[in-house]
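**Q**
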Amino acid sequence: MVVDESAWARPAAALRPYVAHYSGWRQDGAPMVTHRGLPSPYLTLVLTLDDPLVVHAHPDRRQSPGRYDALLGGLHLSPALIAHGGRQAGVQVAVHPLGCRALFGLPAGELSGLDLDLADLLTDVEQIRERLRAAGTWPERFAALDASLLALARRRHAEVHPDVAHAFGRLLTTGGRLPVRTLADEVGWSPRHLTDRFRVETGLGLKEAARVVRFDRARRRLTPRTRLADLAADSGYYDQAHLTREFRALAGCSPSRWLADEFTFVQDQHASRGEDGSHG
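Straight run, no breaks: the sequence shown in this note's numbering ends on number 280.
(1) Can you grab the Cα-Cα spacing for the pair Q27 / E130, in whole Å?
(2) Which of the three DSSP states, helix, strand or coil, is assigned to S6?
(3) Using alpha carbons as the reference points, say which of A167, A14, H166 and E140 lies closest to A102.
(4) Could you please give me the residues that DSSP links to Y22 through a beta bridge?
(5) Report yes if the C-beta distance between G74 and G203 is below 7 Å; otherwise report no.
(6) Look at the alpha carbon of H58 and the alpha carbon of L43, and state the distance between them as a whole number of angstroms.
(7) Across the segment 93-109 and the segment 49-68, are there enough close Cβ pairs to call them in contact, namely three or more that are closer than 8 Å?
(8) Take R273 and list the residues in its own chain whose beta-carbon comes closer than 7 Å to its own, dropping the five residues that flank it on each side.
(9) Following the continuous alpha helix (DSSP H) through H242, name the residue where it begins and the one where it ends.
(10) How about A251 and L77: do their beta carbons lie closer than 7 Å?
(11) Within the same chain, show all residues whose beta-carbon is closer than 7 Å to that of L171, passing over the 5 residues directly before and after it, in chain order.
(12) Go ahead and pull the three-state DSSP assignment for R87.
(13) Express the C-alpha separation of K207 and Q240 in angstroms, rounding to a whole number.
(14) Measure the beta-carbon distance from V46 to G90 and round it to whole angstroms, keeping in mind my assumption that it falls under 8 Å.
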């Protein structure tokens with residue numbers, strides 16, 4: 001994809017319990033291609049500034065294709081297929097699953113595998129998009145987004161059980177390599193009870209979430225110069241074949257195919273800074 005502009009930023013400090021990062025992009029007149037929206041540890045919020053986001057296939061293939069001015073996607077285990085081309089601009093927000101209640105009034109578990117029109121959750125989504133369009137620079141757009149999301153968070157008092165938050169944080173910091181039994185022992189719950197509570201809150205079980213975290217970390221470190229055997233060992237896979245199988249399962253293609261198709265996308269240009277390659 002030819003990207004005319006791209007930008008990346010952390011949210012305001014008060015939003016960081018809910019949001020990991022922002023990315024912005026603008027392109028004009030590029031040929032139409034298909035982008036894979038990959039599984040990641042974060043929900044995907046996309047607010048378009050020009051043409052709608054066209055989703056050919058959602059992670060849950062039972063959901064019909066659609067066009068979205070603003071989309072919120074839950075955690076998932078298979079790729080979305082998104083059209084990119086023509087005149088497109090927008091902002092993508094990586095939302096912490098445990099911040100979903102505070103921002104949108106429901107647990108991320110209710111969005112598992114789904115993409116929703118944000119207008120179905122927020123009545124003022126068009127005002128948010130208008131403020132983004134009125135901003136003249138990416139820093140101004142991100143500041144406007146800070147203000148809008150902080151206003152959402154202040155509307156509700158939403159708490160997540162601290163043991164679920166502990167488990168999610170440990171999965172992130174260990175790259176998904178911590179056994180479920182160890183997590184359960186740390187919080188004093190049975191593995192089954194912790195998994196059930198975790199699934200309600202995030203939409204994934206602990207093993208599924210660990211799998212996504214491990215894949216996401218490996219995917220972000222993958223470049224044309226990466227030796228797959230080394231990447232597999234460093235990321236907690238048994239061997240290169242294991243890594244390749246996981247790529248095929250979660251991305252729908254091999255690592256080399258993904259690199260060939262996706263490496264120039266704006267979300268992936270910032271992979272070394274931790275951005276996800278999800279729906280935007």
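Where is the CB? At the ideal position from N, CA and C, for every residue including glycine.
**A** From the atom records:
(1) Against the sequence shown, residue 27 aligns to sequence position 27. Against the sequence shown, residue 130 aligns to sequence position 130. Cα-Cα distance, rounded: 19 Å.
(2) As a position in the sequence shown, residue 6 is number 6, starting the count at 1. When DSSP states are grouped into helix, strand and coil, S6 belongs to the strand group.
(3) Within the sequence shown, residue 102 is the residue found at index 102, counting from 1. Of the listed residues, the one whose Cα sits closest to A102 is A14.
(4) Here residue 22 corresponds to residue number 22 of the sequence shown, with the count starting at 1. Beta-bridge pairing links Y22 to A9 and V93.
(5) Numbered from its first residue, the sequence shown carries residue 74 at position 74. Numbered from its first residue, the sequence shown carries residue 203 at position 203. Yes, Cβ-Cβ distance for G74 and G203 is below 7 Å.
(6) Translated into the one-based positions of the sequence shown, residue 58 becomes position 58. Translated into the one-based positions of the sequence shown, residue 43 becomes position 43. Roughly 14 Å between the two C-alpha positions.
(7) By the C-beta criterion, the segment 93-109 is judged not to be in contact with the segment 49-68, since fewer than 3 inter-stretch pairs fall below 8 Å.
(8) Counting from 1 along the sequence shown, the entry for residue 273 is found at position 273. Any reading at R273 is ruled out, since the residue's pLDDT is 43, under 50, leaving its predicted position unreliable.
(9) Counting from 1 along the sequence shown, the entry for residue 242 is found at position 242. Where H242 is concerned, the enclosing alpha helix (DSSP H) stretches over Q240 to A251.
(10) As a working mapping, residue 251 is identified with position 251 in the sequence shown. As a working mapping, residue 77 is identified with position 77 in the sequence shown. No, the pair does not count as a contact, with Cβ atoms beyond the cut-off.
(11) As a first step, residue 171 must be located in the sequence shown, where it is residue number 171. These residues qualify, in order along the chain: L178, A209, A210 and V213.
(12) Sequence index remark: in the sequence shown, residue 87 carries index 87 (1-based). In this structure, R87 counts as strand in the three-state DSSP scheme.
(13) One-based indexing of the sequence shown puts residue 240 at position 240. One-based indexing of the sequence shown puts residue 207 at position 207. Q240 and K207 have their alpha carbons spaced roughly 20 Å apart.
(14) Counting from 1 along the sequence shown, the entry for residue 46 is found at position 46. Counting from 1 along the sequence shown, the entry for residue 90 is found at position 90. Indeed, because the Cβ distance is near 6 Å, the residues count as touching under 8 Å.
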